[in-house]
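Protein chains in written order, with the UniProt record's numbering: chain A, 1 to 230; chain B, 1 to 230. In this text, a Cβ means the ideal position worked out from N, Cα and C, and glycines have one as well. Working notes, structure below.
Protein chains: 2
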Amino acid sequence: MEAFLPVAPQELEAIASFRAGSRRVAAGATIVDEHRPSAELFTLYAGWAFRYKTLSDGRRQILSFLLPGDFIGLQDEFADGHTHGVEAASEVTLCAFPRGRLWELFHAQPKLGYDITWLAAREEKLVDDNLVTTGRRNAAERVAMLLMHLYRRAQRVGMVRDGWVEFPFNQQHLADALGLSLVHTNKTLRRLQSLGLYKLEAGWLRILEPRALEALGDYFERPMRPMPLI
Amino acid sequence: MEAFLPVAPQELEAIASFRAGSRRVAAGATIVDEHRPSAELFTLYAGWAFRYKTLSDGRRQILSFLLPGDFIGLQDEFADGHTHGVEAASEVTLCAFPRGRLWELFHAQPKLGYDITWLAAREEKLVDDNLVTTGRRNAAERVAMLLMHLYRRAQRVGMVRDGWVEFPFNQQHLADALGLSLVHTNKTLRRLQSLGLYKLEAGWLRILEPRALEALGDYFERPMRPMPLI
DNA sequence: CGGAAATTTGAGATCACTCAATTGCGGTGG
DNA sequence: CCACCGCAATTGAGTGATCTCAAATTTCCG
């Protein structure tokens, strides 16, 4: 797949020796508990997931979405618990790595360490973008931005078939990601849909007017570099 | 300083050989241009800086604040330009590293690569927190959160003297960080100040009621691990 | 002593929120 | 096959937080 960099044979071998097996998780299940550090790191192989945080009174903010190729749980390595939760949005398959051996990996394969830093830096950029969205965009701009963002990322990893992507999020998810209320999210979604900008049917999304959505969200596709695969 | 991990002599040597010299930047000056990838990476040695992004119509969002010990410009390494700008809020001193030699550093000193990943993961956590703030907190909670956050971080790196910290931000900065308008930021700030929660005089901040501010922002200090020093 | 920038205040307009009710739909048991 | 349940989506109405506009006032600097 052209979204990913080729992996050298010896790296592949190192990755293989590091991994602790793969795992399948049902839609809606918790991958990493919000309040307990996880003993493992993961690479997402298939499906949709998301990272989130909750305030003590229950308000929830989705921090970013995870797609195949994304690395999960790195922050925990360096923080003292209390980071964020990760939940599977669709059925998901993961590749697990024992957390304790991360330093060993950096030591044995500096290239893989470099790649992991790459992934961490990229993930921060995603959060940066989300922060701009919730901080400075209005409701319609936020929705436009989010739909295009998710669509483009899915497209890149080959999850789009005939223009349709699996879209396993309900409106509460979108509201939590956008920093909007459920009701207002619904009204905004409805408005953009009735303008004919996108279609959402039975959990599948199709973008009808990418240009209009990009212009509305002030969000334009930029060439993306292939990402390393761990 | 107890905020930082001790550095082994050979690491120190590697860092020294990697650095390209130090630099002093005036308050308000641009450290990294928002639209041009920088040729260098930096470690902030002294002063306050911040990262930001601007939409095409001029709306600006501050993504995170930078204090001594923070690493600057890592994301650019892995992204295709167009990431974010970095600006000095106070007078600042930086240590510069040639960007092109980053991989070399990972290769020669995997421990330093690991440390850089540490810093990247920590910075992402800061942005995560800011995203929760703009997405889910109201104006008073946001202001409380931000004041405590900045105060605690400054305290940790020894920038607090007799309870006062240099606070080189104007209300526009705070508004841009919080996702609020300038006017509303002012009114909220004023309200919290007249409640006697903090004092701000001639560019210096003092927290009078840390408990109240923490409770208001639903933000509580957590033990922080010492961070690696690059 | 000016003049510009930052802060402060007031007032009205809006966008987004909350509350509450209705609709639509897939599943389930009779 | 149909009545019923529960959850998600939708809609309406009224409220409220935050925004914009505009005008003081104060502070900072030269």
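Asked                                                                                                                           : Found
Terminal residues of the alpha helix (DSSP H) in which B/Phe-65 lies                                                            : Looking at the DSSP string, B/Phe-65 is not in any alpha helix (DSSP H); the run it does join, the beta strand (DSSP E), is 60–66.
Chain-order list of residues whose beta-carbon lies under 8 Å from that of A/Asp-176 (same chain, five-residue window excluded) : Tyr-52, Arg-60, Gln-61, Ile-62
Residue burial classification, B/Met-159 (beta-carbon count within 10 angstroms, cutoff 16)                                     : buried
Whether residue 238 of chain B touches B/Ala-3 by CB criterion (8 Å)                                                            : Coverage of chain B is limited to positions 1 through 230, which leaves residue 238 of chain B absent and any answer about it impossible.
Own chain, CB closer than 8 Å to B/Trp-118, minus 5 neighbours either side, in chain order                                      : Met-227, Pro-228
Proximal residues to residue 232 of chain A (C-beta, below 6 Å), its chain only, five neighbours per side dropped               : No answer is possible for residue 232 of chain A: it lies beyond the span of chain A, which begins at 1 and ends at 230.
Chain-ordered chain A contacts of B/Asp-218 [CB-CB under 8 Å]                                                                   : Leu-55, Ser-56, Asp-57
Short Cβ contact (8 Å threshold) for B/Ala-88 with B/Val-25                                                                     : yes
Cβ neighbour criterion (16 or more within 10 Å) applied to B/Gly-217                                                            : buried
Separation of B/Ile-15 from B/Pro-223, as counted between CA atoms                                                              : 28 Å
Against chain A: residues of the region 158–190 of chain B by CB proximity under 7 Å                                            : Gly-179
Residues that DSSP places opposite B/Trp-118 in a beta bridge                                                                   : In the DSSP output, where bridge partners are listed per residue, B/Trp-118 has none listed.
Neighbour-count burial assignment, A/His-173, 16 or more Cβ in a 10 Å radius                                                    : buried
Span of the alpha helix (DSSP H), counted from its first residue to its last, around A/Trp-103                                  : 102–108
Where A/Thr-30 meets chain B, residues with beta-carbon distance less than 9 Å                                                  : The premise fails here: A/Thr-30 is roughly 18 Å from chain B at the closest Cβ pair, so nothing lies under 9 Å.
Helix, strand or coil at A/Glu-124 [DSSP, three-state]                                                                          : helix
Identity of the residue in A/Gln-109, A/Gly-58, A/Phe-65 nearest A/Leu-12 by Cα                                                 : A/Gln-109
Alpha-carbon to alpha-carbon, A/Val-132 and A/Ser-17                                                                            : 40 Å
CB-CB length for B/Ser-64 against B/Asn-130, believed under 8 Å                                                                 : 6 Å
First through last residue of the beta strand (DSSP E) which encompasses B/Val-86                                               : 85–88
8 Å Cβ cutoff met for B/Ile-72 and B/Val-7                                                                                      : no
Extent of the continuous alpha helix (DSSP H) run through A/Pro-98                                                              : Looking at the DSSP string, A/Pro-98 is not in any alpha helix (DSSP H); the run it does join, the beta strand (DSSP E), is 92–98.
Interface partners of B/Ile-116 on chain A, CB under 8 Å                                                                        : Thr-117
Cβ contact (3+ pairs, closer than 8 Å) linking the region 42–57 of chain A and the region 94–113 of chain A                     : yes
Below-8 Å beta-carbon distance, A/Leu-74 vs any chain B residue                                                                 : yes
Proximity of A/Thr-134 and B/Gly-135 at Cβ, strictly below 8 Å                                                                  : yes
Cutoff 6 Å; reference B/Pro-9; Cβ partners in own chain excluding five residues on either side                                  : none
Beta-carbon separation (whole angstroms), A/Leu-67 vs A/Trp-48, contact threshold 8 Å                                           : 7 Å
Cα-Cα separation, A/Lys-187 to A/Met-148                                                                                        : 18 Å
Integer Cβ distance of B/His-184 from B/Ala-139, believed to fall under 8 Å                                                     : 6 Å
Endpoints, beta strand (DSSP E) assigned at A/Ser-22                                                                            : 22–25
Paired residues, beta bridge with B/Leu-150 - DSSP                                                                              : DSSP output for B/Leu-150 lists no bridge partner at all.
Exposure of A/Thr-30, with buried meaning 16 or more beta-carbon neighbours within 10 Å                                         : exposed
Chain B within 8 Å of A/Glu-124, Cβ atoms only                                                                                  : yes
Alpha carbon of A/Val-92 to alpha carbon of B/Arg-190, nearest angstrom                                                         : 48 Å
For A/Trp-164: DSSP bridge partner residues                                                                                     : A/Arg-161, A/Arg-206
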